[in-house]
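Here's the structure we're looking at; comments come further down.
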């Protein structure tokens, strides 16, 4: 369903992505590994369409993602370095907006997702008063709720405790069980129960 | 079910209003700036009402323009910094439409309050009471056009590290027609003439802005996010 073919991308003078290619079918997880600066975030942003590659193509369901951008984006959830939450809004308000602009969502669904990611207790506090790990849990609830078949996760376990890291693995498992696709940049390998997990090492030259 | 476009606009507007009222200082700063500028002129120029009246259109419009530049910096900056603008771009909804909603709210929170408080400033500058409605109307319409033009330049300067100066440099030339026709409308109102002519031009600029500015702003924001 997702196919990345020969991506080349330059950031200024640096040739960051040197012909990256991979395919991911429904129910598959691709873990991007590599040292710092290997281009993991750049690749994720290029797949999402936030960066324009100099060469190569991203195809989604056999069609170029660029020309069907809005449709592609409605099936994609992107979790970046920043959790993309407004500090002055509560976790709940943040989700009502960020999920609400994508699809109609009920308060009950949001509550259930917050309970699931263990963020219910602090979902009524302004996000700026939360710790980095707590913010990440709220953001993960947003990814869950987006109803997307493609998840692009940039180091999803950062700032999370052991329990939270397990939660991320479970959420990814469930996404794969729903025939979704997960592309995640990770530093340490993740133990996933089911689905095909492939590693793509960007550091290898 | 995918959220319908009107609901998206409502959500964007509700979010921006809520954020603005949780940070009222950001809201009041441009307004205070405008009032201070308008207050300083009678103190420094001349206490003679007839001469102040001649300077009033210029003072009001230059004040309004500079204050709108102040407000403009906040239009996309916070959202770009915390990554929420990225989520706008990745939501699968029309970015053009969402930025248009954002720009309208921005005008409601900066241009409109400024226009509504203009009679106080205008009274200090010796503007006759009969001209007040026209002053408010011209500033409100001109402010809307300024917000639309500003959305494009604010989008273009997203990627710049210290975009403030660049933003002013880019916006000012584009704002000149609005300034010229706006000041003309206010001037004619003060001298008791019909303001329809310059108002039509302001309206035309605003309509052109509504049709083109959100498209340009969306394209600029997408580039700025890279």
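Protein chains in written order, with the working numbering: chain A, 101 to 305; chain B, 168 to 393.
Ideal placement from N, C-alpha and C gives every residue a C-beta, glycine not left out.
- The shortest CA-to-CA distance from residue 263 of chain A to any of A/273, A/217, A/238, A/226 is the one to A/217.
- Around the beta carbon of residue 170 of chain A, a 10 Å sphere encloses fewer than 16 other beta carbons of the protein chains shown; the residue is thus reported as exposed.
- According to DSSP, residue 164 of chain A shares a beta bridge with A/159.
- Around residue 278 of chain A, the same chain offers no residue with a beta carbon nearer than 6 Å, after the five sequence neighbours per side are excluded.
- Here the C-alpha atom of residue 295 of chain B lies approximately 13 Å from the C-alpha atom of residue 222 of chain B.
- Its chain contains 282, 283, 285, 286 as the residues whose beta carbon lies nearer than 7 Å to that of residue 303 of chain B, once the 5 sequence neighbours on both sides are disregarded; these appear in chain order.
- Apart from the 5 residues on each side of it in sequence, residue 123 of chain A sits with its Cβ closer than 8 Å to the Cβ of 102, 103, 104 in its chain, given in chain order.
- Annotation for residue 237 of chain B: 196, 197, 200 place their beta carbon closer than 8 Å to its own, counting only its chain and skipping 5 residues before and after.
- Look at the region 164-231 of chain A and you find these whole runs of alpha helix (DSSP H), each 4 residues long or longer: 169-174, 191-200, 207-216.
- In the three-state reduction of the DSSP assignment, residue 174 of chain B falls in the helix class.
- Residue contact check for residue 230 of chain A against chain B: no CB pair falls below 8 Å.
- Secondary structure of residue 115 of chain A (DSSP, three-state): strand.
- Sequence-ordered contacts of the region 180-191 of chain B with chain A read 181, 182, 185, 186, 189, 190 [C-beta pairs closer than 9 Å].
- Segment contact: the region 202-212 of chain B against the region 273-280 of chain B, fewer than three CB-CB distances shorter than 8 Å; contact not assigned.
- Residue contact check for residue 268 of chain B against chain A: no CB pair falls below 8 Å.
- Across the structure, residue 301 of chain B and residue 350 of chain B are spaced so that their CA atoms are roughly 11 Å apart.
- Chain order gives the chain A residues near residue 260 of chain B as 170, 173, 174, 201, 202, where near means a beta carbon separation below 9 Å.
- Residue contact check for residue 393 of chain B against chain A: a CB pair falls below 8 Å.
- Taking 8 Å as the cut-off, the Cβ atoms of residue 369 of chain B and residue 305 of chain B count as close.
- Taking 8 Å as the upper bound for CB-CB distance, residue 189 of chain A and residue 235 of chain A are not in contact here, some 12 Å apart.
- In the displayed model, residue 298 of chain A falls within a strand according to three-state DSSP.
- Ranked by Cα distance from residue 144 of chain A, the first of A/183, A/128, A/251 is A/251.
- Judged by DSSP secondary structure, residue 247 of chain B falls within the alpha helix (DSSP H) whose first and last residues are 216-248.
- Taken residue by residue, none of the region 251-266 of chain A has a beta-carbon sitting less than 7 Å from a beta-carbon on chain B.
- In this model, residue 254 of chain B and residue 353 of chain B are separated by some 41 Å (Cα to Cα).
- Taking all protein chains shown into account, residue 244 of chain A has 16 or more neighbouring C-beta atoms within 10 Å of its C-beta and is therefore buried.
- Using a CB distance cut-off of 8 Å, residue 180 of chain A counts as an interface residue toward chain B.
- Residues 278, 279, 282 of the same chain have their beta carbon placed closer than 7 Å to that of residue 307 of chain B, with the five preceding and five following residues left out of the count.
- Nothing from the region 328-356 of chain B brings a Cβ to less than 8 Å from some Cβ of chain A.
- Considering only beta carbons, the part of the region 123-157 of chain A lying closer than 9 Å to chain B consists of 145, 148, 149, 150, 151, 152, in chain order.
- As computed with DSSP, residue 251 of chain A is found in a beta bridge with A/177, A/282.
- Note that the C-beta distance between residue 131 of chain A and residue 286 of chain A is below 8 Å.
- Here residue 225 of chain B has 350 as same chain residues with Cβ atoms under 7 Å from its own Cβ, once five neighbours each way along the sequence are excluded.
- For residue 250 of chain B, the chain A residues whose C-beta falls within less than 9 Å of its own C-beta are 180, 181, 182, 183, 184, 185, listed in chain order.
- Bridge partners of residue 110 of chain A according to DSSP: A/115.
- Collapsing the DSSP output to three states places residue 324 of chain B in coil.
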